[in-house]
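First residue of the sequence shown: 35, per our numbering; consecutive thereafter.
Cβ coordinates follow ideal geometry from the N, Cα and C atoms, glycine included.
Presented below is the structure to which this report refers.
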Amino acid sequence: MTAPAVRVRDLHVKLGGVPILAGVDLTVAPGEWVTVIGPNGAGKSTLLRAVGGLLPAPHAISLFGTPAESLRRRDRARVVATVAQSPVVPAGMSVLDYVLLGRTPYIPPLGRESAADLAAVDDVLDRLDLGAFHGRELATLSGGERQRVFLARALAQGATLLLLDEPTSALDIGHQQEVLELVDQLRREHGLTVLATMHDLSIAGEYADRLVLLAEGRVAAVGPPAEVLTEHLLATYYRATVRVVDGDHGPLVVPVRPGPRPLRSEQ
Ligand code: ADP
Ligand code: MG
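Quick look at the structure:
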């Protein structure tokens, strides 16, 4: 049996002394797309940070069968690439130089990037419709353009596991679709594994094989989108009034205005 791409077992994370994740279990198969949903503050970003090695999580996480803590930084970077929710934008850096940072795990210490590194970066910039932005300073891009550059850096890294924390929040619906279709295409063509978080529940369900509903640091539900995107679960964990309707690629979640509250005299 092949090892899962990600295995999280009984993960507990405390930040500033406060428990943020409490006993999270999660498995992602190679080539699978799993999206973590859940209300603000549920711990989605914290979970992705732990899987990406940005937070210590001893003995709780393995990647492709190897305990995460035993991977050296450079080796880990060839396996897993992260797009953070709000990446830091280095001052004065061009788009090309930023995306080239994704090639760091392949460039020898004190060495320079090779023609192959530059070709990999060009290819990714073209695919993400960023060909015209090579020389632009990152800080001058719009939020959506910048988001695509962050994704470009992760793709240039050539890792087999992509961790995407709300990769489309800053994008208009056209660019949302473009980016998610590209990620899905790469997944199909190159066997990438995707672990993402997303706020838009319909889009989350359309692209993921399975959804994980996280609430207050625990897994409240996990399964195919049709099992997780139910009016009952969304009412319970988001306090949201929604209708779930059948779409071509799974359930679509439509927020609806709650009915009027009963007047005091009717109670
Ligand atoms: P989500 O991505 O689901 O919105 P996060 O993982 O970002 O949630 O945060 C989960 C909880 O952890 C939030 O209540 C947040 O305030 C808290 N938190 C995040 N970082 C820290 C920190 N460094 N110290 C203390 N609390 C934190
Ligand atoms: Mg978050």
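Going by DSSP, H209 is part of the alpha helix (DSSP H) stretching over I207 to H224.
K48 is classed as exposed because its beta carbon has fewer than 16 other beta carbons within 10 Å across all chains shown. Taking the Cβ of I54 as the reference point, at least one heavy atom of the ligand ADP falls within a distance shorter than 7 Å.
Taking C-beta separations shorter than 7 Å and ignoring five residues to either side along the sequence, the partners of L235 in its chain run I71, L263 and V287, following chain order. As DSSP reads the structure, P296 sits in no beta bridge.
Between Q191 and A115 the beta-carbon gap is near 4 Å, inside 8 Å, which marks them as a contact. Residues of the same chain with a CB within less than 6 Å of the CB of L267, apart from the 5 flanking positions on each side, are A255 in chain order. Relative to the Cα of V58, the nearest Cα in the group E171, A91, D206 and L189 belongs to A91. The beta carbon of A111 sits closer than 8 Å to those of T138, P139, Q191 and A193, all from its chain and outside the five residues before and after it, given in chain order.
Of the candidates S176, P142, V68 and L197, V68 places its Cα closest to the Cα of P258.
Judged by DSSP in its simplified three-state form, D44 adopts strand. In this structure, the CA atom of E250 is about 24 Å from the CA atom of L196.
Pairing V183 with Y132 gives a Cβ-Cβ distance under 8 Å. Apart from the 5 residues on each side of it in sequence, P73 sits with its Cβ closer than 7 Å to the Cβ of A249, Y271 and Y272 in its chain, given in chain order. By the 16-neighbour rule on beta-carbons within 10 angstroms, D280 is exposed. Contact residues of the ligand MG (beta-carbon closer than 7 Å to any heavy atom; chain order) are K78, S79, Q119, D199, E200 and T231. Straight through space, the alpha carbons of A230 and M35 are spaced by roughly 25 Å.
The alpha carbon of I54 has as its nearest neighbour, out of R170, R291, D44 and P101, the alpha carbon of D44.
Inclusion of V129 and L152 in the CB contact set at 8 Å is not warranted, their separation being larger than that value.
With a cutoff of 7 Å, G87 does not count as near the ligand ADP, since its C-beta is closer than that to no heavy atom of the ligand.
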